[in-house]
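Everything below concerns the one structure shown next.
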């Protein structure tokens, strides 16, 4: 998906779902089969759709509008109320407030992958395994499927994915005779050469972003966050992925090779347009943002595989993406699941892809139509070939903290100092580890830091 994923991560979002008075935040549900572990069959779902009823879906993702329309046309006895309760943390706060109050909880909610653990461990989400969702593993790319699977339960179905690529301004790099970097060491060398040739030009922008940082650590083979039930490990000091990332990124910071511009700002769009920001490492949802927000540079940009931490490796990462979860306190869980499966596993997927969503489903990622799509913005490049390959190269071992929303909210107060003061990136990450671990302990988790 696009945009708000990155910006939303900066909010506070102190969710009760992160607390280990977790049962107070969750609910056994008041809807059909409330509190039941009984398997729900295809026949059960068909009967529910035939009988009809109404469900409420909280989501901000625009392609769901058409899905809702198509679903209601196919199942005329079902009414779906699509509500935009805010993006990212705004919705999460409203959602948690509703769960705590025991009223106004939607049947289905959009939850970004990084935030899913907080609601799952908060016992707010229905385990979709009993509906047969655990059989879908091979139908999704590794990163999104891993994100919705927690402690052997499936808490959501992937909506989309954000396999990463390196977007680069070919016109700018060609002008300065800089080859497209294939490793992060080459990327550092390219940054030096570009800025020396044009002091107004930077290889990229970065003022500190939790989502980008964790994506880089993920690609480098890091596993700094581990959770099993209420036991949590946070290692942002000795983890191998953290070490690899800080070794390169600290040099970019020290040598002032990063544009001090925040992403999604007017300055950022201007820098992408005029070439003073020459590359961008981010998710496959970015092309639509280039086409709509950086029109002046159409034809100048291309997509390439993400640079590697080790020469010759073929490893990628995820950046962004959302799921649809069925709320345990919802009143129509069978209909909620049926809608979720329609939107994310069957007919609705193609509709969403046609309207700009980047798929998490392997069938769509490998389809000839998808792979042969040309991007006029990228000079006619078949960029989906790069994105689809990236989706297959994401390490499966990654997991987020069960209080990642809070952790991300304090990123700029800890790691962010490395971009504005003499604090090193390593020290900033150490401070982020301590603050995150302290918070987890306060909420009742057993944190081994």
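In our numbering, the protein residues as written are 1 to 449.
Every residue, glycine too, gets a C-beta built ideally from N, C-alpha and C.
Values in this document were obtained by computation on a predicted structure and should not be read as measured data.
Cross-strand partners of residue i (DSSP beta bridge)
i           : result
residue 158 : 323
residue 137 : The partner list for residue 137 (beta bridge, DSSP) is empty, contrary to what the question assumes.
residue 303 : 167
residue 205 : 259
residue 318 : 163
residue 251 : None; residue 251 has no bridge partner.
residue 153 : 150
residue 125 : 327
residue 353 : None, per the DSSP bridge assignment.
residue 276 : DSSP output for residue 276 lists no bridge partner at all.
Test item: CB-CB of residue i and residue j under 8 angstroms
i           : j           : result
residue 246 : residue 425 : yes
residue 327 : residue 172 : no
residue 257 : residue 191 : yes
residue 131 : residue 323 : no
residue 143 : residue 397 : no
residue 283 : residue 164 : yes
residue 452 : residue 261 : With the chain running from 1 to 449 in the structure shown, residue 452 is simply not present.
residue 216 : residue 61  : no
residue 129 : residue 391 : no
residue 301 : residue 97  : no
residue 136 : residue 348 : no
residue 57  : residue 40  : no
residue 166 : residue 281 : yes
residue 229 : residue 151 : yes
residue 187 : residue 195 : no
Cβ-heavy atom distance, residue i to the ligand MN, below 7 angstroms
i           : result
residue 311 : The ligand content of the structure shown is nil, which means the ligand MN is not present either.
Per-residue DSSP class, three states only, for residue i
i           : result
residue 385 : helix
residue 25  : Annotation note: pLDDT 43 at residue 25 (below 50); position unreliable, coordinate value reported separately. Helix at residue 25.
residue 226 : strand
residue 114 : helix
residue 257 : coil
residue 54  : strand
residue 281 : strand
residue 449 : coil
residue 423 : coil
residue 59  : coil
residue 215 : helix
residue 375 : strand
residue 109 : strand
residue 308 : strand
residue 335 : helix
residue 173 : helix
residue 240 : helix
residue 40  : coil
residue 87  : coil
residue 194 : helix
residue 81  : strand
residue 246 : helix
residue 366 : coil
residue 298 : coil
Closest residue to residue i among the options (Cα-Cα distance)
i           : options               : result
residue 115 : 181, 57 and 400       : 400
residue 65  : 202, 343 and 147      : 343
residue 242 : 332, 339, 361 and 428 : 428
residue 369 : 355, 384, 360 and 378 : 384
residue 78  : 417, 47, 187 and 366  : 47
residue 45  : 226, 332 and 117      : 332
residue 394 : 67, 195 and 308       : 308
residue 197 : 203, 186 and 176      : 176
residue 200 : 162, 222 and 259      : 259
residue 450 : 306, 117, 59 and 149  : No statement about residue 450 is possible, as the shown extent of the chain runs from 1 to 449 and does not include it.
residue 248 : 124, 345 and 185      : 185
Euclidean distance between Cα positions of residue i and residue j
i           : j           : result
residue 99  : residue 92  : 10 angstroms
residue 313 : residue 295 : 34 angstroms
residue 363 : residue 139 : 7 angstroms
residue 325 : residue 178 : 45 angstroms
residue 108 : residue 360 : 19 angstroms
residue 289 : residue 208 : 20 angstroms
residue 406 : residue 174 : 42 angstroms
residue 80  : residue 336 : 9 angstroms
residue 63  : residue 90  : 20 angstroms
residue 351 : residue 422 : 49 angstroms
residue 95  : residue 235 : 30 angstroms
residue 430 : residue 447 : 15 angstroms
residue 432 : residue 413 : 8 angstroms
residue 52  : residue 279 : 50 angstroms
residue 304 : residue 387 : 9 angstroms
residue 286 : residue 110 : 20 angstroms
residue 275 : residue 265 : 16 angstroms
residue 237 : residue 409 : 19 angstroms
residue 403 : residue 76  : 40 angstroms
residue 452 : residue 68  : Shown here, the chain extends from 1 to 449; a query on residue 452 therefore has no answer.
Cutoff 8 angstroms: residue i Cβ touching any chain B Cβ
i           : result
residue 214 : The chain labelled as chain B is not found in the depicted structure, where only one protein chain is given.
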